[in-house]
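Going letter by letter, the sequence shown gives residues 21 to 665 in this note's numbering.
Take a look at the structure below.
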Amino acid sequence: MRSTTYFASLFASFFTSVRFISFSTAYLLILCSLSAAFTVQAAPFEDQATQREPVIMVKEYTYRASENDSKVSARRAALEQLQKAAIEEVGVHIQSSVVNHESVIQGKLKQEMQLNFKTFSQALTKTKILDEKWNGETFYIKAEIEVDPNGITNAMNGLSAKPKVNTCDANTNQVKKLRNKPASTERNKILAELAMKANFNDECNAWQYSVLNTLIYYKQYPVNGYREFLFDQLSKIKSTELLELPAKAIQYAISQSGKVTNDEWAITLKVMVSASYRSLQNLVREISSLDTKSYKEKVNDIIELVDEQKFKDKTLTKSKVTQLLIYQSFSTYNKDNEHNQFSANLYLTYADDLTDVNKTTKNVIKFYQWGHSPVERDSNELNAVELADKVMHHFLDNNDVETLPDSSKSSLYEVLRPLMNDRVKKDGVDYQYLNDLLKDYPAEFTYLVESRNMHASYKNLFLLKYNLPAVNVCKPVECTKQSRNKDLSARKQGTYLDYLVAYGSRASSAEKEIIKQFERLQALHKSGYRSRIELAFITVLSNIKSTNPKAINLMLKTLQESNKQVAEAAVDALAVIGKPAFEGMKKAYSNTNSKAQQRIIESISKMKVFDGLIEFLKTLPTPTNSSVKYALEDAIEALELRVGN
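Listed below in structure tokens is the structure:
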């Protein structure tokens, strides 16, 4: 016996018995009855004297079928939904006459009826089908339904007599058991049916999200009605509730059909007006998986909300929202090129509104690296390279690099990382676009390098190598002299050699000094450090393309050395110098050992073809040394092939 049942009995009795008396009289009678409730044994929900007449109504319902539905299953589902609606309507009317509290009617009672449909279905006394249509996708049904209110009352009494169960724990446990079963259409259907029997509320929704995530993950097993349920729940939530549901509902919709309907998006936007930043962030992340056309439309809708100041959270400023949109639009994972282009254009459109410099810097770098990636560089569709350059130039033109936050400076420095680590080839496109960037903004990138926490010599080497303003660094002639200064350590001498090499073609002013030091080295220096110096001098002579006969003769002498690295550097250097070195090589050929002869031939094979080059090789006597013989054959073949092409 329960007092709650008795209260319901009291209210039900008064609903039928006090219809013809004044409100004040009824009110007094209710108070008197309530005072007796604490001493009188609880009665059934309604007395037999208050039996109600059957209710006849006409209702219609359209059921959207899934791929797994047949006409029979779709009809059964449509009819069940129709009957549920009829029972709920009569049940709500009965309880409203007793309690007259909308939140209770729409909440607890409706939930009980959904959870216990079989119990309440005893109140269905007659169902007459008036019309039904099946087009393969939807099943429309219209029926005249007779409901016995007394049957509903009996069901209510029966349920109220049952011991109360913690539905939250029960549903959580049931979902856990179901999720442990193998994925299938049937399992997903049971999960969805369980979820749709309860409201998505703040108090107990962890299990609901568990169901939702499962249905998203196992999207290959679709279920009916759940998508409509999600957006129906979304349309009813309060502004501060269920922060994750808008994004999750959108994610589920996209997982099912790859798109979001206009009605679904309208419901979502209405909720998002009261959203937090986190909720908006989650939503934008999900819609970014849409095709670019749909995504653009939805982004513009969000921007319109900002422009019209519709967001209730005043911290969601235009700067903050557009920054979020730009960041999320760039597709890091699926590399959607059109999305990335759209994101870059968003930046160019709203750059003046952005205040979060750190995020802006990261976005700019992403755009730049994306546009100059090999895939985009070879694409003629999106002009990604041009767009990437435009973004980077806009950023550098409108920001003082020296006043950027430290994290932004570090991010911007990362653009140079491939050059700092020598990960790009000088004749490659990657080298060219980065080198062009340094030429366009020398002061900015010099500052970034100078401000790094690294050894001064590394900074100077980079600045010299890419012709950036370098302070306190020796000039080429002085670097050459210091590299042979006996008062300096070998390490310090090596640093000066590195500086000399880093000057590249700009080291031509040191040509005479290099030749002088090179001659002395070959004549006097016999230490193990000799190879390092020779290698540096040969590299510099190659960089400046020295045609000085003394320089050529010095390099020819190194072809006889046992150090393979030095000899190969000389082979390449002589090939770069080309024709000016050829005469000296011809003279040296017959006066050197077989190893040097082989290297002279290899160097000639790498030269650009000019008159007399191939003829010289063909006039050489057949070498007795096999290595020289094979090198000669390969060189003639390579040069003739080059001429043919």
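Glycine included, each C-beta is placed from N, C-alpha and C at the ideal position.
For clarity, every value in this text was computed on a predicted model and none was experimentally measured.
Exercise for review: Can you say whether A286 is buried or exposed, counting buried as having 16 or more other CB atoms within 10 angstroms of its CB?
Suggested key: Taking the first residue of the sequence shown as position 1, residue 286 is located at position 266. Its Cβ having fewer than 16 others within 10 Å, A286 is exposed.
**Study point:** Residues of its chain near A556, where Cβ-Cβ distance is below 6 Å and the 5 sequence neighbours each way are ignored
**Key:** Against the sequence shown, residue 556 aligns to sequence position 536. Correct list, in chain order: L517 and V521.
Review point. Can P489 and T466 be called in contact, C-beta distance under 8 Å?
Key: Reading the sequence shown from its first residue, position 469 is the one you call residue 489. Reading the sequence shown from its first residue, position 446 is the one you call residue 466. Yes, they are a contact pair.
Review point. Alpha carbon to alpha carbon, what distance is there between D507 and K599?
Key: If you number the sequence shown from 1, residue 599 lands on position 579. If you number the sequence shown from 1, residue 507 lands on position 487. Cα-Cα distance, rounded: 40 Å.
Check your understanding: Closest to A510 by CA distance: which of Y549, I161 and A476 is it?
Key -> Counting from 1 along the sequence shown, the entry for residue 510 is found at position 490. Of the listed residues, the one whose Cα sits closest to A510 is Y549.
Check your understanding: CB-CB under 6 Å to A601, same chain, minus the five flanking residues each way: which ones, in chain order?
Key -> Against the sequence shown, residue 601 aligns to sequence position 581. For A601, where only same-chain residues beyond five positions count, the Cβ hits under 6 Å are I572 and L594.
Review point. Where does F159 fall in DSSP's three states?
Key: Taking the first residue of the sequence shown as position 1, residue 159 is located at position 139. Strand.
Review point. What is the DSSP secondary structure of V377, counted as helix, strand or coil?
Key: Here residue 377 refers to the residue found at position 357 when the sequence shown is read from its first residue. In the structure shown, V377 sits in a helix (DSSP, three-state: H, G or I).
Check your understanding: Which same chain residues, not among the five before or five after I307, have their C-beta less than 7 Å away from its C-beta?
Key -> Within the sequence shown, numbered from 1, the residue matching residue 307 stands at position 287. So the list reads I270, Y315 and K318, once near-sequence residues are dropped.
Exercise for review: Please check the pair V110 and V75, which I expect to be a contact at CB under 8 Å, by giving their CB distance rounded to whole angstroms.
Suggested key: The residue given as residue 110 occupies position 90 in the sequence shown. The residue given as residue 75 occupies position 55 in the sequence shown. About 5 Å; that satisfies the 8 Å criterion.
Exercise for review: Would you kindly report the start and end of the unbroken beta strand (DSSP E) that includes L150?
Suggested key: In the sequence shown, the residue the question calls residue 150 occupies position 130. Element bounds for L150: L144 to W154.
Review point. Given a threshold of 16 other Cβ atoms within 10 Å of its Cβ, counted over all protein chains shown, does E531 qualify as buried or as exposed?
Key: As a working note, residue 531 is residue 511 in the sequence shown. Burial call: buried.
Check your understanding: If you follow the beta strand (DSSP E) that V75 is part of, which residue opens it and which one closes it?
Key -> For this step, residue 75 is matched to residue 55 along the sequence shown. Residues V75 to R84.
Review point. Hey, does Y347 have any beta-carbon neighbour from chain D nearer than 8 Å?
Key: No chain D is present in this structure, which holds just one protein chain.
Check your understanding: Taking the alpha carbon of V493 as the point to measure from, which residue in A226, L481 and Y486 has its own alpha carbon closest?
Key -> Translated into the one-based positions of the sequence shown, residue 493 becomes position 473. The shortest C-alpha separation from V493 is found at L481.
Review point. How many Å lie between E100 and S255 at the Cα?
Key: If you number the sequence shown from 1, residue 100 lands on position 80. If you number the sequence shown from 1, residue 255 lands on position 235. If you take the alpha carbons of E100 and S255, they lie about 23 Å apart.
Exercise for review: Report the three-state DSSP secondary structure of I257 (helix, strand or coil).
Suggested key: Within the sequence shown, the letter at position 237 stands for residue 257. Correct three-state label for I257: coil.
Review point. Helix, strand or coil for A69 per DSSP?
Key: As a working mapping, residue 69 is identified with position 49 in the sequence shown. For A69, the pLDDT reaches just 43, beneath the cut-off of 50, and the residue's location in the model is therefore unreliable, although a value from the coordinates is still provided. Three-state DSSP puts A69 in a helix.
**Study point:** Three-state secondary structure assigned by DSSP to I564
**Key:** Here the question's residue 564 lines up with position 544 in the sequence shown. In this structure, I564 counts as coil in the three-state DSSP scheme.
Practice item. Determine contact between the stretch 370 to 380 and the stretch 336 to 349, defined as no fewer than three beta-carbon pairs at a distance below 8 Å. Key: yes
Check your understanding: So, A215 versus Y246, is the Cβ gap smaller than 8 Å?
Key -> Position 195 of the sequence shown, counted from the first residue, corresponds to residue 215. Position 226 of the sequence shown, counted from the first residue, corresponds to residue 246. Yes, the Cβ-Cβ distance between A215 and Y246 is below 8 Å.
Review point. Which first and last residues belong to the alpha helix (DSSP H) in which P600 is found?
Key: Taking the sequence shown and counting its residues from 1, the one referred to as residue 600 is at position 580. Here the alpha helix (DSSP H) through P600 covers K599 to Y609.
Practice item. Count the other C-beta atoms from every protein chain shown that fall within 10 angstroms of the C-beta of S566, then say buried if there are 16 or more, exposed otherwise. Key: Reading the sequence shown from its first residue, position 546 is the one you call residue 566. So S566 counts as buried.
Check your understanding: Taking the DSSP output, what are the residues bridged to V167?
Key -> Your numbering for residue 167 matches position 147 in the sequence shown. Beta-bridge pairing links V167 to V75 and L144.
**Study point:** Length of the line joining the Cα atoms of D654 and K606
**Key:** Within the sequence shown, numbered from 1, the residue matching residue 654 stands at position 634. Within the sequence shown, numbered from 1, the residue matching residue 606 stands at position 586. About 18 Å.
**Study point:** Beta carbon of L211 nearer than 8 Å to that of T187
**Key:** As a working mapping, residue 211 is identified with position 191 in the sequence shown. As a working mapping, residue 187 is identified with position 167 in the sequence shown. In this structure, T187 does not lie closer than 8 Å to L211 by Cβ.
Exercise for review: Whole angstroms is fine: what's the gap from K196's alpha carbon to A226's?
Suggested key: Taking the sequence shown and counting its residues from 1, one reaches residue 196 at position 176. Taking the sequence shown and counting its residues from 1, one reaches residue 226 at position 206. One C-alpha to the other measures close to 11 Å.
Review point. Relative to the alpha-carbon of V377, which residue among W390, N418 and D409 has its alpha-carbon at the smallest distance?
Key: For the purposes of this step, residue 377 is taken as residue 357 along the sequence shown, with counting starting at 1. Selected option, being the one with the closest Cα: N418.
Point to revise | Residue span of the alpha helix (DSSP H) that contains Y229, given as start and end | key: Stepping through the sequence shown from its first residue, residue 229 is reached at position 209. A226 to Y237 is the span of the alpha helix (DSSP H), which, as asked, contains Y229.
Check your understanding: Roughly how far, in whole angstroms, is the beta-carbon of I257 from the beta-carbon of L265, given that I think they are within contact range, below 8 Å?
Key -> Walking along the sequence shown from the start, residue 257 turns up at place 237. Walking along the sequence shown from the start, residue 265 turns up at place 245. Sure, about 7 Å apart at Cβ, within 8 Å.
Point to revise | For D420 and A404, the rounded distance between their alpha carbons | key: Sequence index remark: in the sequence shown, residue 404 carries index 384 (1-based). Sequence index remark: in the sequence shown, residue 420 carries index 400 (1-based). Taking the straight line joining both Cα atoms gives about 25 Å.
**Study point:** With 16 other Cβ atoms within 10 Å as the buried cut-off, status of L344
**Key:** Within the sequence shown, residue 344 is the residue found at index 324, counting from 1. Buried is the call here.
**Study point:** N177 in three-state terms, based on DSSP
**Key:** As a first step, residue 177 is located in the sequence shown; it is residue number 157 there, counting from the start. DSSP places N177 in helix when its eight states are reduced to three.
Practice item. With a threshold of 16 other CB atoms inside 10 Å of the CB of F200, please say whether the residue is buried or exposed. Key: Here residue 200 refers to the residue found at position 180 of the sequence shown. First, the residue type needs correcting, since residue 200 is Asn and not Phe in the sequence shown. By the neighbour-count rule (16 or more Cβ atoms within 10 Å), N200 is not buried but exposed.
Exercise for review: Tell me where the alpha helix (DSSP H) around S363 begins and ends.
Suggested key: Mapped onto the sequence shown, residue 363 falls at position 343. Taken as a continuous stretch (DSSP letters only), the alpha helix (DSSP H) holding S363 covers N357 to Y370.
Practice item. With distances taken Cα to Cα, identify the nearest neighbour of T145 among V469, T381, D168 and D321. Key: Residue numbering aside, residue 145 sits at position 125 when the sequence shown is read from its first letter. Among V469, T381, D168 and D321, the Cα nearest to that of T145 belongs to D168.
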